[in-house]
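Residues 0 to 165, numbered by numbering that gives the first Met the number 0, are exactly what the sequence shown covers, in order.
A quick write-up on the structure given underneath.
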Amino acid sequence: MAPTIMQLAQKYNALIQEAQRRQLADVDGLRLCFQTLSLASAIDRDCATLLAPYGLSEGRFVLLFLLEAAEDGLAPNVLAEQAGVTRATVTGLLDGLEREALIERTADINDRRALRIHLTRKGKQVAKKVFDQHGRWIAGLFGNLSKTERRQLTSLLDKVADNLSR
0 MAPTIMQLAQ
10 KYNALIQEAQ
20 RRQLADVDGL
30 RLCFQTLSLA
40 SAIDRDCATL
50 LAPYGLSEGR
60 FVLLFLLEAA
70 EDGLAPNVLA
80 EQAGVTRATV
90 TGLLDGLERE
100 ALIERTADIN
110 DRRALRIHLT
120 RKGKQVAKKV
130 FDQHGRWIAG
140 LFGNLSKTER
150 RQLTSLLDKV
160 ADNLSR
């Protein structure tokens, strides 16, 4: 079966055509950039579609993932730090998870003024379902790449990322 050629958004095609018309030096680089952006958007979109039936956003999913690994629960500030979000953001995410009865806030046994966040039974069940599904989805994204191709892709992405940090 022939590989699918990635369809770029019309705006990207228009920019590439204009770059070709102007005879810009690196039209191939421009195309690669737009392919990367399109792929990232498609992955984001598919991920959101998979999480939506569970009432989860990417942020809520990350918190479930972190909490599932923490038998004794986690403090909100620790969750914020591990998830790379502000405390205000983590509070909003936790509020949503609590409304869905996926987490519970309890007083810390060592400091009654502090909170610990735990998954509820429902939260553990949802986490297991979502993690299993997510794992299969991610495996499918890269399933047709050999180990060598995966290492090569990682290396190439790292090279491009290095250019961003300069």
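Glycine is no exception: its CB is placed at the ideal position from the N, C-alpha and C atoms.
Note that this is a predicted model, so its numbers are computed, not measured.
Supposed contact pair Leu55 and Val129 - C-beta distance, whole angstroms, cut 8 Å: 7 Å
Integer Cβ distance of Ile116 from Leu73, believed to fall under 8 Å: 6 Å
Where the beta strand (DSSP E) through Glu177 begins and ends: Nothing about residue 177 can be read from this structure; the chain reaches only from 0 to 165.
Residues near Leu14 by beta carbon distance below 8 Å, same chain, minus five either side: Leu29, Phe33
C-beta atoms of Leu96 and Arg120 nearer than 7 Å: no
CA-to-CA distance, Gly122 to Thr35, given in whole angstroms: 34 Å
Pairwise C-alpha distance: Asp43 and Ser37: 10 Å
DSSP-derived helix/strand/coil call for Leu23: coil
Assumed close pair Ala82, Val61 - CB separation to whole angstroms, cut-off 8 Å: 5 Å
First through last residue of the beta strand (DSSP E) which encompasses Arg115: 114 to 118
Span separating the alpha-carbon of Ile4 from that of Val84: 36 Å
Environment of Ile137 [buried if 16+ CB atoms lie within 10 Å]: exposed
Straight-line gap, Gln19 to Ala8 (C-alpha atoms, nearest Å): 17 Å
Ile102 burial status per 10 Å Cβ neighbour count (16 or more: buried): buried
Assigned secondary structure, Leu73 (DSSP; H/G/I helix, E/B strand, else coil): strand
Supposed contact pair Ala106 and Leu118 - C-beta distance, whole angstroms, cut 8 Å: Between Ala106 and Leu118 the Cβ distance is about 17 Å, and since that is not below 8 Å, they are no contact.
Segment limits, alpha helix (DSSP H) that includes Arg150: 146 to 163
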